[in-house]
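A short write-up of the structure that comes next.
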Amino acid sequence: MSKGRANSRGIVGEYLEAFYDYDEKRGYFGKPCFDEIIEPFRVGKGLVVPVKPLITIVENGLQVPIFTVGWANFPLTIWQMRLLATIFEDAVFSLTDFRKSPGEFLCFPKVGKGDSAKRQPLVWNRGDFELLSRNELRECLDEFLLALEDAKIILEAAHRKQQAEAPVVEEKPLGETPLFDWR
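Residues 20 to 202 in the working numbering are what the sequence shown lists, from first letter to last.
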């Protein structure tokens, strides 16, 4: 692997090896697929999160979106997995072409310690987790939107502080500024 960030290549290589090992058993390779699907999940007024499967395969006459993350560990709780399943359901599985689709979510967290740790497939399908109720989802999104507003305030204050502490740079009129100041 010679592309991408040098310090990430080993990690990406581990992930790809685990994915291909899983594919030997699962059999994605050779099936018709496409990767153009990006659907919005509406969080609030004017705020959407794009939801994009890695690929969508055609299997047994159904379009099956395959979602994946490259995490080396899997830190999500059951509640967070329910939230993720609810987001997928709203953004992708609500579309006519995907209503009967099983859908798959893949992760390959490391199992074991140190050098002997090896990535193993963690796979779940649509329907494996109870979706959040309308109220649970609304409460979660409201909490997120409040946190987003708080984050904006914190970032704006940090920016103002940084600007106030920055040294004042006196600008010269364009005619006094050399075009190529190599010193």
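Using N, Cα and C, we set each Cβ at its ideal position, and we do this for glycine too.
Delimiting residues of the beta strand (DSSP E) encompassing F60:
F60 -> beta strand (DSSP E) spans 58–63.
Going by the beta-carbon positions, is the gap between L164 and L66 smaller than 9 Å?
Yes. Within cutoff.
Over the uninterrupted beta strand (DSSP E) stretch that includes T87, give me the two end residues.
Annotation: the continuous beta strand (DSSP E) that includes T87 extends over 81–88.
Neighbour-count burial assignment, F148, 16 or more Cβ in a 10 Å radius:
Note on F148: 16 or more other CB atoms within 10 angstroms of its CB, so buried under the neighbour-count rule.
Is I76 closer than 9 Å to Y47 when the C-beta atoms are compared?
Cβ atoms of Y47 and I76: closer than 9 Å.
Stretch-stretch touch, CB-based, cutoff 8 Å, three pairs: the segment 149–156 with the segment 91–111
For the pair of segments examined, the segment 149–156 was found to touch the segment 91–111: the number of CB pairs separated by less than 8 Å reaches three.
What residue does the alpha helix (DSSP H) around V31 start on, and which one ends it?
28–45 is the extent of the alpha helix (DSSP H) around V31.
Classify E123 as buried or exposed, calling it buried when 16 or more other Cβ atoms lie within 10 Å of its own Cβ.
Looking at its Cβ environment, which holds 16 or more other Cβ atoms inside 10 Å, E123 is buried.
Spatially closest choice to W90 from R28, Q82, K129, by CA coordinates
Among R28, Q82, K129, the Cα nearest to that of W90 is on K129.
Taking Y34 as the reference, which of Q182, R157, Q82, L141 has the closest Cα?
The residue with the shortest Cα to Cα distance from Y34 is L141.
With DSSP run on the structure shown, which of helix, strand or coil describes R118?
It is coil, neither helix nor strand.
For L125, which of helix, strand or coil comes out of DSSP?
Shown here, L125 sits in a strand according to DSSP, grouped into three states.
7 Å CB neighbourhood of F117 in its chain, flanking five on each side removed
These residues qualify, in order along the chain: Q82, P84, V111.
Neighbour-count burial assignment, R138, 16 or more Cβ in a 10 Å radius
Answer is buried; the Cβ neighbour count reaches 16.
Run through the segment 122–164 for me and flag every whole beta strand (DSSP E) of 3 or more residues, listed as ranges in chain order.
Complete beta strand (DSSP E) runs here, min 3: 123–126, 141–144.
Within 10 Å of its beta-carbon, does I172 have 16 or more other beta-carbons around it, so buried, or fewer, so exposed?
That one is exposed.
To the nearest whole angstrom, what separates the beta carbons of I56 and P72, a pair I think is in contact under 8 Å?
Right, their Cβ atoms sit about 6 Å apart.
Quick check on E58: buried or exposed, where buried means 16 or more other Cβ atoms within 10 Å of its Cβ?
Looking at its Cβ environment, which holds 16 or more other Cβ atoms inside 10 Å, E58 is buried.
Please classify V188 as buried or exposed, where buried requires at least 16 neighbouring CB atoms within 10 angstroms.
Its Cβ having fewer than 16 others within 10 Å, V188 is exposed.
Beta-carbon proximity check, I74 vs F60, cutoff 9 Å
Contact flag unset, no.
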